[in-house]
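Visitor: Numbering (our numbering), first residue to last: 9 to 520. All residues carry an ideal CB built from backbone N, CA and C; glycine is no exception. Here it is: the structure, laid out below.
Right, here's the structure in full:
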């Protein structure tokens with residue numbers, strides 16, 4: 009095995025380790041930071057902040073999915089050792105994304121000037137003015153992120169996952185620390201947005217410096233292949249549709265709640281959605297570092313390509329299943345106490361919101377690597393079309409259900425669309441059209457279920473007969489459940505390869 013292959017493998021391994029380290033750190037910080045933020049801002053201002061953020065988030069759709077397609081075209085040039093083509097690709101992307109950033113500023117400022125359309129008559133004029141300031145800085149932050157994303161994509165293409173994760177860890181620490189300082193100084197949500205924008209710009213500068221100074225990134229603006237832009241657009245348009253769907257599924261609920269009900273309902277939903285977001289991030293930690301490998305397998309087009317991709321699909325999916333099933337089952341048993349203690353008793357409905365979003369989401373979350381396979385094989389169109397219809401159904405259901413059950417109704421609408429699109433339709437498509445042996449995948453998952461008998465019994469008994477007396481008591485019980493869960497998985501759920509990976513990790517720790 010060549011040195012470069014070994015180095016890339018190490019990058020993936022350490023990238024995953026650092027990604028989960030970042031997530032653990034992020035969760036710890038959120039446990040401390042979020043209650044402070046909620047109490048200083050209050051439900052209504054936090055709700056206004058989320059409405060403003062959700063509105064400006066729609067401007068990210070201006071990228072038209074181009075960013076997600078970068079690695080595909082990079083892999084094609086790299087396979088032929090066409091460094092000139094790569095430098096021109098970089099130049100093309102930088103021009104396009106800079107132009108998109110300018111459009112984002114114009115559109116963002118138009119939305120900011122007409123912010124009143126996103127709020128009903130129950131909001132005060134001072135709250136509308138706050139929303140304007142928030143949207144102004146959020147627009148600036150997003151606009152600069154477009155050209156900066158080209159450099160992030162280049163770092164990913166070089167499989168420098170360790171650097172990426174270290175930078176992200178730094179951002180994970182700095183952002184909430186700066187936000188808390190601004191909050192205690194009395195700047196409220198406006199201070200939060202300003203500090204977040206400043207830190208994002210610093211991180212962007214660090215990434216750009218790394219690309220030029222360490223990776224020797226080349227950018228050429230001469231004789232650009234503008235015809236390639238058409239191919240990229242055709243490929244990316246369906247990724248863009250996926251981004252639209254994500255915005256509808258994860259952002260529109262807040263806007264609908266803010267328009268029909270009030271900022272308080274938005275705040276309660278946002279806390280549940282924040283828990284779900286952390287859950288989602290755990291699902292992408294492994295799959296994200298395998299994207300370059302998937303693209304290289306497809307570009308080589310070997311006879312056993314589908315078998316290789318199925319093995320990656322199963323390997324990554326099982327890892328994600330073990331992690332996410334621990335989190336979801338633990339949240340089912342202990343999440344209600346956690347939400348009440350963490351966010352406050354008035355946020356108790358956030359527990360139900362989070363459960364409605366997390367439970368149906370576990371199916372697509374353990375199959376995230378399938379998205380990269382679809383894109384690499386140019387078979388992502390179907391998913392986009394299906395998800396678009398489901399997203400529209402989600403909007404209709406949400407408007408109807410919000411009027412009946414408020415924030416819980418909004419989450420229920422999203423849950424129904426997730427079950428239909430991800431749980432049923434996409435699994436059939438993976439098997440029939442993408443060359444993934446989905447039956448083999450689910451068989452490998454079902455074979456692990458015997459390992460869940462002991463932890464589930466323990467969880468049910470604790471849920472029914474045990475009352476937490478303190479936060480320390482809660483943490484001890486959660487740790488006990490996690491240990492029992494892992495031990496049961498090790499003996500009854502892991503295959504030989506997974507056991508050996510754990511044994512190897514333990515041996516490395518003991519040696520040190």
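(1) Cβ of residue 71 within 8 Å of Cβ of residue 94?
(2) Would you mind sorting residue 581 into buried or exposed? The rule is 16 or more other CB atoms within 10 Å of its CB.
(3) Beta-carbon within less than 7 Å of residue 323's beta-carbon, same chain only, minus the 5 sequence neighbours each way: which residues are those?
(4) How far does the alpha helix (DSSP H) with residue 489 in it extend, from its first residue to its last?
(5) Straight-line CA distance for residue 46 to residue 195?
(6) Can the beta-carbon of residue 2 be found less than 8 Å from the beta-carbon of residue 85?
(7) For the segment 255-266 and the segment 191-210, state whether three or more C-beta atom pairs, one from each stretch, are separated by less than 8 Å.
(8) Is it right to say residue 11 is buried, meaning 16 or more other beta carbons lie within 10 angstroms of its own, or is it exposed?
(9) Less than 8 Å between the C-beta atoms of residue 80 and residue 423, yes or no?
(10) By DSSP, does residue 89 sit in helix, in strand, or in coil?
(11) Determine whether the beta carbon atoms of residue 341 and residue 471 lie at a separation below 8 Å.
(12) Touching or not, the segment 455-468 and the segment 495-503, by the rule of three or more beta carbon pairs under 8 Å?
(13) Looking at residue 373: is its Cβ nearer than 8 Å to the Cβ of residue 328?
(14) Assuming residue 428 and residue 369 form a contact by the criterion Cβ under 8 Å, report the distance between their Cβ atoms to the nearest whole angstrom.
(15) Do residue 444 and residue 438 have their C-beta atoms closer together than 8 Å?
(16) Which value, in whole angstroms, describes the spacing of the CA atoms of residue 190 and residue 210?
(17) Suppose you measure from the CA of residue 59 to the CA of residue 274; what does that come to, to the nearest Å?
(18) Can you give me the C-alpha to C-alpha distance between residue 252 and residue 243, rounded to a whole angstrom?
(19) Taking 8 Å as the threshold (C-beta atoms), are residue 307 and residue 96 in contact?
(20) Under three-state DSSP, which class holds residue 10?
(21) Using 8 Å as the limit for Cβ to Cβ distance, is residue 482 near chain B?
Guide: According to the structure data:
(1) Taking the first residue of the chain shown as 1, we reach residue 71 at position 63. Taking the first residue of the chain shown as 1, we reach residue 94 at position 86. Not closer than 8 Å, so no.
(2) Beyond the ends of the chain as shown, which are 9 and 520, falls residue 581; an answer cannot be given.
(3) By one-based count along the chain shown, residue 323 stands at place 315. So no residue of the chain qualifies.
(4) Here the question's residue 489 lines up with position 481 in the chain shown. Note, residue 489: alpha helix (DSSP H), 479-500.
(5) As a working mapping, residue 46 is identified with position 38 in the chain shown. As a working mapping, residue 195 is identified with position 187 in the chain shown. Their Cα atoms are separated by approximately 14 Å.
(6) Look at the range of the chain in this structure, 9 to 520, and you will see that residue 2 is not part of it.
(7) no
(8) Residue numbering aside, residue 11 sits at position 3 when the chain shown is read from its first letter. In this predicted model, residue 11 has a pLDDT of only 47, less than 50, meaning its place in the structure is not dependable; the value taken from the coordinates is given anyway. That one is exposed.
(9) Taking the first residue of the chain shown as position 1, residue 80 is located at position 72. Taking the first residue of the chain shown as position 1, residue 423 is located at position 415. No, Cβ-Cβ distance for residue 80 and residue 423 is not below 8 Å.
(10) Counting from one through the chain shown, the residue named residue 89 turns up at place 81. Here residue 89 sits in coil by DSSP.
(11) Translated into positions along the chain shown, residue 341 becomes position 333. Translated into positions along the chain shown, residue 471 becomes position 463. Against a cut-off of 8 Å, the Cβ pair of residue 471 and residue 341 comes out as a contact.
(12) yes
(13) Here residue 373 refers to the residue found at position 365 of the chain shown. Here residue 328 refers to the residue found at position 320 of the chain shown. Yes, these two residues count as a Cβ contact at 8 Å.
(14) As a position in the chain shown, residue 428 is number 420, starting the count at 1. As a position in the chain shown, residue 369 is number 361, starting the count at 1. About 13 Å; that fails the 8 Å criterion.
(15) Here residue 444 is taken as the residue at index 436 of the chain shown, counted from 1. Here residue 438 is taken as the residue at index 430 of the chain shown, counted from 1. Cβ distance < 8 Å, so residue 444 and residue 438 count as in contact.
(16) Locating residue 190 in the chain shown gives position 182, where the first residue counts as 1. Locating residue 210 in the chain shown gives position 202, where the first residue counts as 1. Their backbone Cα atoms lie some 18 Å apart in a straight line.
(17) Residue 59 sits at position 51 when you count from the first residue of the chain shown. Residue 274 sits at position 266 when you count from the first residue of the chain shown. One C-alpha to the other measures close to 8 Å.
(18) Taking the first residue of the chain shown as 1, we reach residue 252 at position 244. Taking the first residue of the chain shown as 1, we reach residue 243 at position 235. Rounded to the nearest angstrom, the two C-alpha atoms are 15 Å apart.
(19) The residue given as residue 96 occupies position 88 in the chain shown. The residue given as residue 307 occupies position 299 in the chain shown. Contact: no.
(20) Counted from its first residue, the chain shown places residue 10 at position 2. In this prediction, residue 10 scores a pLDDT of 48, lower than 50, which makes its location untrustworthy; no coordinate-derived value is stated.
(21) This model lacks chain B altogether, as it is built from one protein chain only.
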